Amino acid sequence: MKHFFTILSHEIRMLLVSPSTYLAAVLFLAMMGFVFTGILDIYSQAPQEISPGSVFFQYFWLPVLFMVPLLTMKSLAEERRLGTMETLLTTPVTTSEVVLGKYGAAYALYVGLWASTGGFFYILKKFAGGVRVFDPWPLVGGYLFIAVSGLFFIAVGILASSLARNQAVAGILCFSMLFALIFGSWYLGNAAWLKAEDLHALRTAVNYGQIFRHYEDFTRGVVDLRQLLFYLSGTVLALIFSILSVEAKLLHG
Amino acid sequence: MSLPPPEPAIVVEHLTKTFAGMVAVNDISFTVGKGEIIGFLGPNGAGKSTTMRILTGYLPATSGKVTLCGFPITTRPDEVKRRIGYMPENNPLPEDMRVSEYLYFRGRLKEIPRRKLGPRIDEVLELCDLKRVRHKIIGKLSKGFRQRVGIAEAILAEPPVIIMDEPTIGLDPHQILIVRDLIASLRGRMAVLISSHILPEIEMTCDRVLIINQGRVVAQGTPAALRREILGGSTYELEVAGEAGALAAVLAGFDPPLRATREGEPDAAGFRAVTLAADRDEELGEPLLRALLARGLRVRGLSRGHPTLEDVFLAATRRSWDAVLPPAPRPAPAAPTGKVA
C-alpha cells in the first residue's frame with residue numbers, strides 16, 4: 001500500500017484544480033440550500049414534530065443520485081479511454097492501489113461537500129438564537145449516516161466506472177445502480193406479494209437492506225451494527241469487483 | 254535502486270500469447286544484453302506491441318518465460334516494474350496536468366526519493382528539450398512535445414531497461430534527430446528496446462535488429478549481418494561502354510560469376526548502366542575494375558549498392574509469409590536489388 005497515498009494525494013489534487021469540481025460543489029450547495037430554505041419555510045409556518053436536521057437528511061438521495069455519478073464516472077473509465085491505465089500499471093503500482101486511491105479521493109470530496117452543508121445549520125443557529133430551535137443529535141446521526149452510506153455509494157460509482165470505457169456510460173450505469181439500490185429496496189419493502197408467509201426470509205433480507213430505514217434509525221440516534229456491516233460489506237464487495245473488473249479487462253483486452 | 258544482477262537485461266524464451274484463440278505472439282525467443290539498443294521491427298499486427306506489453310508485465314503471457322534483469326516477470330512483477338521505463342504506443346498522457354507535475358507524480362510512483370526527484374526532473378527536462386514547456390498543460394502541447402514528455406517519463410527513473418513503442422512517430426526531422434541522439438546517449442547505460450516504422454532511424458540508432466512477422470521472429474542480428482543473411486551477396490552499379498560480349502566474358506571470369514540483373518540502353522556517348530549481382534558479400538570492386546579495363550572496356554562509374562534495412566525488412570517479412578502461408582507452390586522470391594547509395 002506504499003503507493004496508495006501517492007495516488008490519493010494526486011487524485012485529490014487533480015480534483016481540487018479541476019473547474020468541474022467547483023461547478024459540482026456550487027450545484028450541490030445550491031440544491032441543498034433550496035432544500036434547506038424549503039424546510040425552514042415549512043417550520044416557520046407551523047410547529048413540526050421532528051427536528052429540521054432529520055428532515056434535511058431525508059433528501060439525501062437527491063445529491064447521491066446526481067453527485068456520486070459526477071464524482072466517480074471519470075475515475076477509471078477516463079484512464080482506460082486515454083490509455084493512461086497502461087502507463088499507470090507498468091509502474092510498481094498494484095490495481096488495488098489505483099482503485100483504492102481513486103475511491104479515497106472521491107469519498108473525501110463527497111464527505112467534504114456534505115460537511116460544507118454544516119454551514120447552513122451554523123447560520124441557522126447563529127441567527128435563530130439558541131439551541132432550543134433544534135436538537136443537534138439528529139444532525140450528528142444524519143452526518144454519520146451520510147459518511148457511512150457514502151462509503152458504499154462511492155464504491156458503487158467506482159465499480160460502474162471500472163465497467164465502462166465511456167464516462168457517460170459509467171455515469172448512467174452508476175445512476176441506475178444507485179437508483180435500484182435506494183428505491184428498489186424501498187419499493188420491494190412495500191410490495192404486497194412479499195408479505196406472503198412463504199417469503200418471510202426474503203422479506204427479512206429486503207428489510208435489512210432498506211436504506212430509508214437506515215437513515216431513520218441513524219437520525220433517531222440508533223446506530224445498529226448490522227446496518228454498519230451492510231454498508232461496509234457492500235463497500236468491500238463493490239471495491240473487490242472493481243479491482244477484478246480492471247484486471248479482467250487487462251486479460252481480455 | 255539496487256544494482257541489478259549480472260544477467261542479460263531481457264531474456265525471452267518461447268513466449269506465446271493468444272487472444273481468444275488467435276495467436277498474437279508465437280514462440281518468440283530473444284535476448285537483450287545490458288546497455289544494448291535493439292530495434293524491434295515488424296509489419297502492423299505482427300505482435301510487436303503485444304510482446305512489449307508482456308515484457309512490461311502489463312499483459313500476462315499464455316506460455317513461455319520472460320526474465321528481466323534476472324527477475325522472472327510472473328513471480329516478481331514488482332521488481333520487474335521497478336526496472337522498466339515504458340512508453341506505450343500512441344503515448345497516452347493525462348490531458349489536464351502540467352508537464353512538471355506529471356513528471357513529479359510519475360517519479361513518486363517509480364519510487365524516486367523526494368530529494369532526488371526535483372534535480373532529476375530538471376535533468377530530463379533539459380535532456381528532452383522540454384524546459385520551455387515545463388509549466389504548460391500537457392493537453393495543450395503539440396505532438397512533438399507530447400512525444401518528448403513520454404520519453405522523459407520513460408527515462409526519468411534511470412531504469413536499466415527502457416521499452417519504447419514507436420517513440421519517433423509524429424516528430425519532425427529536427428526532433429527525430431534530438432530523440433535519436435537521446436537514445437544513443439543511453440547506450441551502455443540502459444538496455445533499450447524500440448519499435449519503429451522509420452527504418453533508417455532504427456538502422457542509425459540500434460546495435461541489433463529483431464524482425465518479427467505474424468508473431469514469430471523471422472530475423473535477428475546487426476543490420477549488416479541481416480543484409481548478408483537475408484539478401485545474401487552484393488550488388489554493383491556500373492556505367493560502361495564497349496562490346497557487350499566483352500562485358501559478359503569479364504563477368505563470367507569471376508568465381509562465383511557476377512550476373513547482370515539489369516542492363517540499360519546506351520546513351521549518346523555509348524555508356525549504358527548495368528546492375529550486377531554477386532552471391533558473395535566480399536568486395537569485388539577493384540578486381541572488377543581491373544578486369545574491365547584489361548578487356549578494353551571504358552568505365553565511367555562503378556559503385557557498390559547498399560541495400561537498406563527496408564530491403565532487408567521487406568525480404569524477411571515476405572520470406573516469412575511464404576513460409577507461413579499453407580500452400581506455397583511458388584519458389585522463394587529473389588532477393589531484391591539494393592539501392593545505390
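So the sequences go chain by chain: G and X. Residue numbers for the first sequence follow the working numbering, beginning at 1 and rising by one. Residue numbers for the second sequence follow the working numbering, beginning at 254 and rising by one. Just so you know, even glycine gets a beta-carbon here, dropped at the ideal spot from N, CA and C. If you're wondering where the values come from, they're calculated on a predicted model, not measured in any experiment.
> Which of helix, strand or coil does DSSP assign to Pro257 of chain X?
Replying inline: Only weak support exists for where Pro257 of chain X lies, its pLDDT of 48 falling under 50; the coordinates are left without a value.
> Quick one: what's Leu491 of chain X bridged to in DSSP?
Replying inline: X:Val527 and X:Leu555
>> Looking at the secondary structure, which residues open and close the beta strand (DSSP E) in which His267 of chain X lies?
In response: Ile263 to Phe272
> Taking Cβ positions only, does Pro582 of chain X come closer than 8 Å to chain G?
Replying inline: For Pro582 of chain X, the pLDDT reaches just 45, beneath the cut-off of 50, and the residue's location in the model is therefore unreliable, although a value from the coordinates is still provided. Chain G contact via Cβ: absent.
>> Assess contact between the segment 442–459 of chain X and the segment 362–376 of chain X, defined as three or more Cβ pairs (one per stretch) separated by less than 8 Å. Is contact present?
In response: no
>> Please classify Leu435 of chain X as buried or exposed, where buried requires at least 16 neighbouring CB atoms within 10 angstroms.
In response: buried
> Taking any Cβ of chain X, which residues in the segment 62–84 of chain G have a Cβ under 8 Å from it, in chain order?
Replying inline: Leu82, Gly83 and Thr84
> Using a C-beta to C-beta distance shorter than 9 Å, which residues of chain G count as neighbours of Leu362 of chain X?
Replying inline: His3, Thr6, Ile7, His10, Leu88, Thr91, Pro92 and Val93
> Is it true that the CB of Lys363 of chain X sits closer than 8 Å to the CB of Leu409 of chain X?
Replying inline: yes
> In chain order, what residues of the same chain have a beta carbon less than 8 Å from the beta carbon of Leu578 of chain X, not counting five sequence neighbours either side?
Replying inline: Note on Leu578 of chain X: pLDDT 46, under 50, position unreliable in the model; no value is reported.
> Given Gly288 of chain X, which residues of its chain have a CB within under 7 Å of its CB, disregarding the five upstream and five downstream residues?
Replying inline: Arg440, Gly441, Arg442, Met443 and Ala444
>> In the DSSP output, which residue or residues are listed as bridge partners for Asn466 of chain X?
In response: X:Arg469
> Does Arg335 of chain X have its Cβ less than 8 Å from a Cβ in chain G?
Replying inline: yes
> Whose Cβ in chain X lies nearer than 9 Å to the Cβ of Leu100 of chain G?
Replying inline: Near Leu100 of chain G there are no residues of chain X at all, since even the closest Cβ is about 14 Å away, more than 9 Å.
> Listed in chain order, which residues of the segment 487–501 of chain X have Cβ atoms closer than 7 Å to some Cβ of chain G?
Replying inline: none
> For Gly304 of chain X, which residues in chain G fall below 7 Å Cβ to Cβ?
Replying inline: First, the residue type needs correcting, since residue 304 of chain X is Thr and not Gly in the sequence shown. None at all; the shortest Cβ gap to chain G is about 14 Å.
>> Give me the chain G residues within the contact set of Thr421 of chain X, using Cβ-Cβ distance strictly less than 7 Å, ordered along the chain.
In response: In chain order: nothing, as chain G lies at least about 18 Å away.
> Out of curiosity, what's the CA-to-CA distance linking Thr421 of chain X and Asp508 of chain X?
Replying inline: 44 Å
> The beta strand (DSSP E) spanning Met340 of chain X covers which residue range?
Replying inline: Ile337 to Met340
> Nearest chain X C-beta to Leu251 of chain G closer than 8 Å, yes or no?
Replying inline: yes
> Buried or exposed: where does Arg192 of chain G fall if 16 or more other Cβ atoms within 10 Å of its Cβ makes it buried?
Replying inline: Arg is not the amino acid found at residue 192 of chain G; the sequence shown has Ala there. With fewer than 16 other Cβ atoms within 10 Å, it is exposed.
>> If you reduce the DSSP assignment to three classes, tell me which class Asn279 of chain X lands in.
In response: strand
>> Would Ala262 of chain X and Gly286 of chain X be called neighbours here (beta carbons separated by less than 8 Å)?
In response: yes
> Over what stretch of residues does the alpha helix (DSSP H) that includes Ile172 of chain G continue unbroken?
Replying inline: Gln167 to Phe179
> Cα separation between Glu419 of chain X and Phe57 of chain G?
Replying inline: 55 Å
>> By DSSP's criteria, Ala444 of chain X is part of a beta bridge. Which residues make up the other side?
In response: X:Val414
> Counting contacts by CB-CB distance shorter than 8 Å, is Thr315 of chain X in contact with chain G?
Replying inline: no
> Taking the alpha-carbon positions, what's the Gly33 of chain G to Ile146 of chain G distance?
Replying inline: 17 Å
> Quick one: what's got a C-beta closer than 7 Å to Ile431 of chain X's C-beta in the same chain, skipping five residues either side?
Replying inline: Asp382
>> Rounded to whole angstroms, what is the Cα-Cα separation between Phe5 of chain G and Leu484 of chain X?
In response: 56 Å
> Identify the residues that DSSP records as bridge partners of Arg351 of chain X: which are they?
Replying inline: X:Ile390
>> Taking the beta carbon of Ile123 of chain G as the centre, do at least 16 other beta carbons fall within 10 Å, making it buried, or is it exposed?
In response: exposed
> Among residues of its own chain, excluding the 5 on either side of Gly523 of chain X, which ones have a beta-carbon nearer than 6 Å to its beta-carbon?
Replying inline: Ala494
> For Gln428 of chain X, does the count of other Cβ atoms within 10 angstroms reach 16, so buried, or fall short, so exposed?
Replying inline: buried
> Interface residues of chain X around Ser242 of chain G at Cβ under 8 Å?
Replying inline: Chain X residues near Ser242 of chain G: none, gap ~18 Å exceeds 8 Å.
>> Rounding to the nearest angstrom, what Cα-Cα distance links Thr488 of chain X and Ala526 of chain X in this structure?
In response: 13 Å
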